[in-house]
Amino acid sequence: MEMTGSFEKTVRDRYAKLTKLLIEKDISISTMESCTGGMIASLITDTEGASGIIKGAFVTYSNEAKIYCGVPEETIFKYTVYSKETAEAMAASCKRCYAADIGVGITGTFANPDPQNPSPLRKVWFAIETDKGCYSFEKDVLLLDSRHEYKLFAANEVCSRLLEIINKEDQDT
30 MEMTGSFEKT
40 VRDRYAKLTK
50 LLIEKDISIS
60 TMESCTGGMI
70 ASLITDTEGA
80 SGIIKGAFVT
90 YSNEAKIYCG
100 VPEETIFKYT
110 VYSKETAEAM
120 AASCKRCYAA
130 DIGVGITGTF
140 ANPDPQNPSP
150 LRKVWFAIET
160 DKGCYSFEKD
170 VLLLDSRHEY
180 KLFAANEVCS
190 RLLEIINKED
200 QDT
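Numbering (the working numbering), first residue to last: 30 to 202.
Okay, structure coming up:
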């Protein structure tokens with residue numbers, strides 16, 4: 030399946046909306062990204078003023094990097110790197126390390142098998158940690174034509190959930 034440039038524009042526009050909402054509400058955010066390779070942080074920082082809300086980001090492509098940045102080694106060994114539990118640990122760790130209001134952790138596989146971490150292909154796990162709790166998600170990924178398209182697809186899913194959670198928690202206050 031080929032995604033057009035209009036999808037990328039849609040994702041970028043959604044991230045601009047998200048970033049402006051975070052700025053307006055003075056909500057800080059941090060990310061720990063594996064499969065998206067920093068794309069989520071990059072999309073957030075594409076909006077003017079993002080430096081006021083993004084505390085920092087980790088790109089933790091390897092297991093060792095995840096562990097170094099605070100994901101418990103036993104979580105990876107017990108549940109694998111591709112799991113809800115690892116995504117939750119990533120979100121909690123980056124939130125804590127950067128003292129942010131929101132932490133986002135994402136891990137997953139796209140089209141190529143990972144010999145060091147066997148897992149089903151084209152599946153992502155991500156978690157969003159806030160002061161009110163942790164929200165976890167698992168998403169099957171469409172068969173796409175490029176790594177860039179896979180990253181955009183996953184980043185778009187995260188953006189959708191972030192917008193929902195921010196609005197939900199805002200209503201609960």
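Note that CB positions come from ideal geometry on N, CA and C, so glycine has one too.
None of the values given here were measured: they were computed from a predicted structure.
What's the gap between the Cα of residue i and the Cα of residue j?
i: T89; j: C98; result: 8 Å
i: S175; j: L50; result: 30 Å
i: R190; j: L173; result: 21 Å
i: R151; j: T104; result: 21 Å
i: S71; j: K54; result: 20 Å
i: F155; j: F182; result: 13 Å
i: T138; j: E193; result: 24 Å
i: E167; j: P149; result: 12 Å
i: V170; j: C188; result: 15 Å
i: I69; j: A121; result: 17 Å
Specify the secondary structure class of residue i as computed by DSSP and reduced to three states.
i: F36; result: helix
i: G134; result: strand
i: E102; result: helix
i: K197; result: helix
Residues in its own chain within less than 7 Å of residue i by CB, not counting five upstream and five downstream?
i: G205; result: Because residue 205 is not part of the residues shown, which for the chain are 30 to 202, the question remains open.
i: E37; result: L181
For the alpha helix (DSSP H) containing residue i, name the first residue and the last one.
i: C123; result: 113–127
i: T74; result: 68–74
With residue i as the anchor, note down where its beta strand (DSSP E) starts and where it stops.
i: V88; result: 83–88
i: I58; result: 58–62
What whole-angstrom Cβ distance do residue i and residue j have, given they're in contact under 8 Å?
i: I131; j: I58; result: 4 Å
I want to check one thing, is the minimum distance from the CB of residue i to the heavy atoms of the ligand MN below 8 Å?
i: E103; result: In the structure on display, the ligand MN does not appear, and there are no ligands present to speak of.
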